[in-house]
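Residue numbers (our numbering), protein chains in the order written: chain A, 37 to 330; chain B, 135 to 655. Glycine included, each C-beta is placed from N, C-alpha and C at the ideal position. One structure is given here, and the rest of the page talks about it.
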C-alpha cells in the first residue's frame with residue numbers, strides 16, 4: 037500500500053509527519069552524511085565568491101610564478117599549471133555540475149512526467165506513439181548524443197544541456213507511464229470518474245500526487261547521474277569555456293601532470309566523488325522515507 | 135607440448151641475449167604514432183619519413199642548416215631561365231640488391247610518385263613537365279615554370295630500384311608497370327639507403343639492418359641495427375630510458391617527461407630550434423581585427439617573455455613569418471615587444487568603442503601548451519581593454535572552420551612545419567591570395583602587393599635577388615601584423631649518452647638519419 041499524499045492538511049498532523057519522516061530518514065547514517073554533503077555543497081556553491089580565498093582565480097587570471105604549488109595553508113588543494121588556487125576553482129566548479137543537474141532535470145522531468153501521464157492515462161494509439169518514441173530515444177546513449185550535438189553545433193554549455201535534457205525525459209516518461217497504468221484502475225479514480233471529474237482533474241489531482249514520491253526519489257538519483265555525465269562531458273572538453281572552472285576539465289588537465297603534481301587531478305576527483313555519493317545517499321534516505329520501490 | 139615450445143623459445147632467447155658473437159650495436163627509438171606505410175612514394179608524416187630517410191637515398195639532402203647538399207647527385211646545374219635542372223650522379227651507388235643507381239631509376243622514381251598521386255607528389259604535380267635520363271649518370275628535370283624552391287623539394291624524392299620493382303610488380307592500373315610495385319613495397323624496400331628493411335610488425339615495431347655496401351661507407355662504432363617501436367605512454371618512456379631498453383625518446387613527449395629524463399644519469403637531452411613555426415593567426419577580414427591598429431594592439435599586449443620563460447622555456451621570440459632556421463630568414467626583421475602603453479594607444483587609434491573590442495581565440499582543445507597560452511593571452515589582452523572569449527576546438531573542426539572567412543575565428547593558434555626548407559613554403563601557403571581557405575592561411579590577408587612579391591620570389595633564381603625580395607616581404611608582413619609571431623617550436627630529444635653524432639636538421643625526420651650516428655661505450 038502506498039501512502040496517499042496530499043489528502044490531509046491539518047498543521048498538527050503535518051508536524052507529526054515531518055517528525056516521522058526525519059526519524060525514518062535518520063535511521064541510516066549514510067543518508068545523513070549524504071544530506072550534509074549535499075547541503076554543504078549547495079551552500080558553498082551559492083556563496084562561492086564570499087567563502088573562497090581567491091575568487092578572482094575562477095576568472096581571467098594567470099600567475100606563472102605560483103604555478104604547481106603543492107597543498108599548503110595558503111592553497112589547501114595546491115595550485116594549477118598557471119598558478120590558480122585549486123580549492124577556489126573546485127568550489128566554483130560545482131556551479132557547473134549543479135547548474136547542469138538543475139537545468140537538465142528541470143526540463144527533462146516535467147516533460148517526461150507529462151508524457152508518461154498522458155500515455156498511461158489515455159492508452160490506445162496515444163500510448164503506443166509516445167512510448168515508441170520514448171523507446172527510440174532511450175536507446176541513444178546520453179554521452180554520445182551530447183558529443184554529437186556539440187560536434188555539430190559547437191561545444192557550448194547550452195548545447196550540452198539541451199542534448200542531455202532531450203534524452204533525460206524518457207526515464208521519467210517510462211516510470212510514470214507504468215505507475216499510471218496501474219493507478220488508473222484504483223477505486224478512487226473510478227469514484228472521481230463517477231462524480232463527473234474531467235480528464236485533467238483525474239490526471240493531475242488524483243493520479244499525479246501518488247506518483248510524486250517515486251518521481252522525487254528518481255530525480256534525486258538522476259541528479260547524481262547527471263552530475264557524473266557532466267563531469268564526463270567536461271573531462272572530454274565539452275561544456276563550459278575556459279577559464280570558467282568545471283570539475284571534469286580540471287581532472288582532465290591534472291591527469292596530464294600526474295604523478296608529480298598529483299593534487300591537480302586528485303582534489304577535483306574527490307570533489308566529484310563527494311557530490312555523487314552525497315546525492316546517492318540522500319536519494320537512498322528519501323527512498324526509505326517515502327517508501328518507494330523503484 | 136605448448137609449454138615445451140615456450141621453454142625452448144625462452145632458452146633460445148636467453149642464448150641469443152648472452153650470445154657469444156661480437157655484440158651488435160643496436161639502437162632503439164620510440165615512435166609516438168603508427169607507421170602508415172613504408173612505400174617512399176606515400177610518405178606524409180614523421181614516422182614514415184623517418185623510415186624513408188634510412189631505407190632510401192634522394193638526389194640531394196638537407197644539412198643541419200637546412201641547406202641542400204648532394205647525396206646520390208654529385209653536382210647539379212640550373213639553366214639561366216630557371217626551368218631546367220641537370221643532375222650528375224655519383225658512380226658506384228648501390229641499391230640493396232647490388233644493382234647500381236642510374237639516371238633511369240631517378241626518372242622512374244619521379245614517374246612513379248606522380249602516377250600514384252600520393253605522398254609528396256603534390257610538390258611536383260603541376261610543376262615537372264619532363265624527367266629525362268641524358269646518359270647513365272645524368273638526369274634532367276624540365277619545369278613548366280621557374281620555381282626557385284625546386285631543389286629544396288627534392289629530398290622528398292626517394293630514388294627507387296626500377297628493375298627490382300618491375301620484377302615484383304603485380305597486375306594493376308598502370309599499364310606496363312602493373313601496380314608499380316605498391317604491394318611489394320609494403321613488405322620490402324627498393325632503396326639504396328644506409329639501412330635495409332628487416333621486419334615490420336604493423337602497430338608495433340620496425341627493424342632496419344645496416345647495409346654493408348653503402349656507398350658512403352661506415353665509420354667505427356656504426357649502428358648495426360635500428361629498432362623503432364611505438365610507445366604511447368610517457369611513463370613507459372621514462373622507465374625504458376632508465377633501463378636502457380630505449381636509446382632515443384622521440385620529440386613528441388610532454389615537457390615534464392624531458393625534465394624527468396634530464397635528471398637521469400647517462401641520458402642527454404638534445405634541444406634544437408625547429409622549422410615548426412608557432413603563430414597566432416589573426417583574421418584580417420573580420421571586425422574588429424580587420425583594423426590594423428587592433429592587430430598591432432594585440433601584438434603589443436601579448437607577454438612574449440612570460441611565454442618564453444614560463445610556458446616553454448629556452449626558445450627565442452620569432453622575428454616575422456620565417457623561422458630563423460630556414461634559408462631566406464632576415465635577421466633584421468622587426469619584432470613586437472610587450473608594451474601596454476603602446477597597445478592602448480593603438481586601440482585608441484583604431485577609433486573603435488570598447489563594446490566592439492571582443493574577439494574570440496581558438497586553439498586545440500586539450501593541448502596543454504596552447505591552453506596555457508590561451509589563458510595568458512586572455513589575461514594580457516584584458517589588461518589593455520580587449521575582451522577575449524576562448525574557443526577550444528578539435529583540430530578537425532579547426533580545419534573545417536578555416537574554410538570560410540566568416541567562420542575563421544579572430545585569432546587562432548597554429549603550428550606549421552615546413553614541407554621544404556625554403557622561405558616560400560611559409561609565405562605562399564599563409565599569405566598568397568590563391569592559398570586562402572586552409573588552416574595555414576587563417577589570416578585571409580589577400581594583399582595584392584604581398585601576392586606580387588611572393589610570386590616574384592618563386593620565379594627568381596638568383597639567390598641574392600631572391601633574398602632581397604624575401605627581406606622586403608618579411609618587413610612588410612610584420613608591418614601589417616597579420617599574426618602574433620611567437621616562436622619556432624624547440625624540439626627536444628632524449629638519448630643515451632653513448633649514442634654520438636645526432637644532429638638536428640630542420641626538415642621533418644631528417645635528423646633521424648642513423649648513418650650519421652655511432653656508438654661509443
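Nearest-angstrom Cα distance between residue i and residue j?
{"i": "residue 322 of chain A", "j": "residue 187 of chain A", "result": "38 Å"}
{"i": "residue 219 of chain A", "j": "residue 160 of chain A", "result": "17 Å"}
{"i": "residue 613 of chain B", "j": "residue 91 of chain A", "result": "40 Å"}
{"i": "residue 312 of chain A", "j": "residue 300 of chain A", "result": "19 Å"}
{"i": "residue 258 of chain B", "j": "residue 362 of chain B", "result": "30 Å"}
{"i": "residue 102 of chain A", "j": "residue 93 of chain A", "result": "12 Å"}
{"i": "residue 409 of chain B", "j": "residue 178 of chain A", "result": "43 Å"}
{"i": "residue 310 of chain A", "j": "residue 517 of chain B", "result": "37 Å"}
{"i": "residue 167 of chain A", "j": "residue 180 of chain A", "result": "22 Å"}
{"i": "residue 346 of chain B", "j": "residue 159 of chain B", "result": "14 Å"}
{"i": "residue 419 of chain B", "j": "residue 452 of chain B", "result": "24 Å"}
{"i": "residue 42 of chain A", "j": "residue 50 of chain A", "result": "Here the model assigns residue 42 of chain A a pLDDT of 49, short of 50, so the residue's position is not dependable and the matter cannot be decided."}
{"i": "residue 305 of chain A", "j": "residue 283 of chain A", "result": "7 Å"}
{"i": "residue 652 of chain B", "j": "residue 198 of chain B", "result": "17 Å"}
{"i": "residue 153 of chain A", "j": "residue 106 of chain A", "result": "54 Å"}
{"i": "residue 229 of chain A", "j": "residue 75 of chain A", "result": "43 Å"}
{"i": "residue 547 of chain B", "j": "residue 387 of chain B", "result": "20 Å"}
{"i": "residue 320 of chain B", "j": "residue 317 of chain A", "result": "59 Å"}
{"i": "residue 634 of chain B", "j": "residue 117 of chain A", "result": "35 Å"}
{"i": "residue 559 of chain B", "j": "residue 251 of chain B", "result": "20 Å"}
{"i": "residue 272 of chain B", "j": "residue 441 of chain B", "result": "51 Å"}
{"i": "residue 53 of chain A", "j": "residue 100 of chain A", "result": "57 Å"}
Return helix, strand or coil for residue i, following the three-state DSSP convention.
{"i": "residue 316 of chain B", "result": "coil"}
{"i": "residue 115 of chain A", "result": "strand"}
{"i": "residue 710 of chain B", "result": "Residue 710 of chain B lies beyond the stretch modelled for chain B, which goes from 135 to 655, so this question has no answer here."}
{"i": "residue 135 of chain B", "result": "Below a pLDDT of 50, predicted positions are generally treated as unreliable, and residue 135 of chain B, at 45, falls in that range; no measurement from the model is reported."}
{"i": "residue 469 of chain B", "result": "coil"}
{"i": "residue 617 of chain B", "result": "strand"}
{"i": "residue 288 of chain A", "result": "helix"}
{"i": "residue 162 of chain B", "result": "strand"}
{"i": "residue 409 of chain B", "result": "strand"}
{"i": "residue 85 of chain B", "result": "No information on residue 85 of chain B is available, as it lies outside the stretch 135 to 655 that chain B covers here."}
{"i": "residue 300 of chain A", "result": "helix"}
{"i": "residue 624 of chain B", "result": "strand"}
{"i": "residue 404 of chain B", "result": "strand"}
{"i": "residue 263 of chain B", "result": "strand"}
{"i": "residue 131 of chain A", "result": "helix"}
{"i": "residue 105 of chain A", "result": "coil"}
{"i": "residue 593 of chain B", "result": "helix"}
{"i": "residue 456 of chain B", "result": "coil"}
If you compare alpha carbons, which of the options is closest to residue i?
{"i": "residue 128 of chain A", "options": "A:83, A:292 and A:195", "result": "A:83"}
{"i": "residue 334 of chain B", "options": "B:495, B:520 and B:171", "result": "B:171"}
{"i": "residue 491 of chain B", "options": "B:449, B:444, B:532 and B:428", "result": "B:428"}
{"i": "residue 543 of chain B", "options": "B:414, B:169, B:286 and B:397", "result": "B:414"}
{"i": "residue 504 of chain B", "options": "B:620, B:280 and B:476", "result": "B:620"}
{"i": "residue 165 of chain B", "options": "B:655, B:627, B:571 and B:605", "result": "B:627"}
{"i": "residue 191 of chain B", "options": "B:177, B:470 and B:227", "result": "B:227"}
{"i": "residue 596 of chain B", "options": "B:162, B:183, B:187 and B:211", "result": "B:211"}
{"i": "residue 267 of chain B", "options": "B:283, B:261, B:219 and B:232", "result": "B:219"}
{"i": "residue 609 of chain B", "options": "B:584, B:323, B:292 and B:256", "result": "B:584"}
{"i": "residue 120 of chain A", "options": "A:97, A:156 and A:288", "result": "A:97"}
*Start-end ranges of the alpha helix (DSSP H) lying completely within the segment 486 to 558 of chain B, minimum 4 residues*: 502 to 518 and 529 to 535
*Hey, which unbroken runs of the beta strand (DSSP E) at 3 residues or more fall wholly within the segment 305 to 365 of chain B?*
329 to 335, 339 to 344 and 359 to 364
*Taking Cβ-Cβ distances below 8 Å as the criterion, which residues of the segment 275 to 288 of chain A are in contact with chain B?*
277, 278, 279 and 288
*Along the chain, which unbroken stretches of the beta strand (DSSP E) at least 3 residues long are found entirely within the segment 168 to 208 of chain A?*
none
_Residues, ordered as in the chain, of the segment 245 to 277 of chain A that lie near chain B by beta-carbon distance below 8 Å_ = Considering only beta carbons, the part of the segment 245 to 277 of chain A lying closer than 8 Å to chain B consists of 273 and 277, in chain order.
*Contacting positions in the segment 74 to 97 of chain A - beta carbon closer than 7 Å to chain B*: 96 and 97
*Interfacial residues, the segment 286 to 319 of chain A to chain B, with Cβ spacing under 8 Å*: 288, 289, 292, 293 and 296
*asked:* Which runs of the alpha helix (DSSP H) at least 4 residues long sit entirely within the segment 419 to 449 of chain B? Give them in chain order.
replied: 426 to 435
*Which residue spans inside the segment 174 to 256 of chain B form an unbroken beta strand (DSSP E) run of at least 3?*
194 to 196, 202 to 204, 207 to 212 and 218 to 223
*Under 7 Å (Cβ pairs) to chain B, residues found in the segment 110 to 141 of chain A*: 117 and 118
*Between the segment 480 to 513 of chain B and chain A, which residues of the former have CB atoms less than 9 Å from a CB of the latter, in chain order?*
499, 500, 502, 505, 506, 508, 509, 510, 512 and 513
*Residues in the segment 420 to 449 of chain B with C-beta within 7 Å of chain A's C-beta atoms, listed in sequence order?*
Answer in chain order: 440 and 444.
*With 8 Å as the C-beta to C-beta threshold (strictly closer), list the residues of the segment 259 to 282 of chain B near chain A in chain order.*
Listed in sequence order: no entries.
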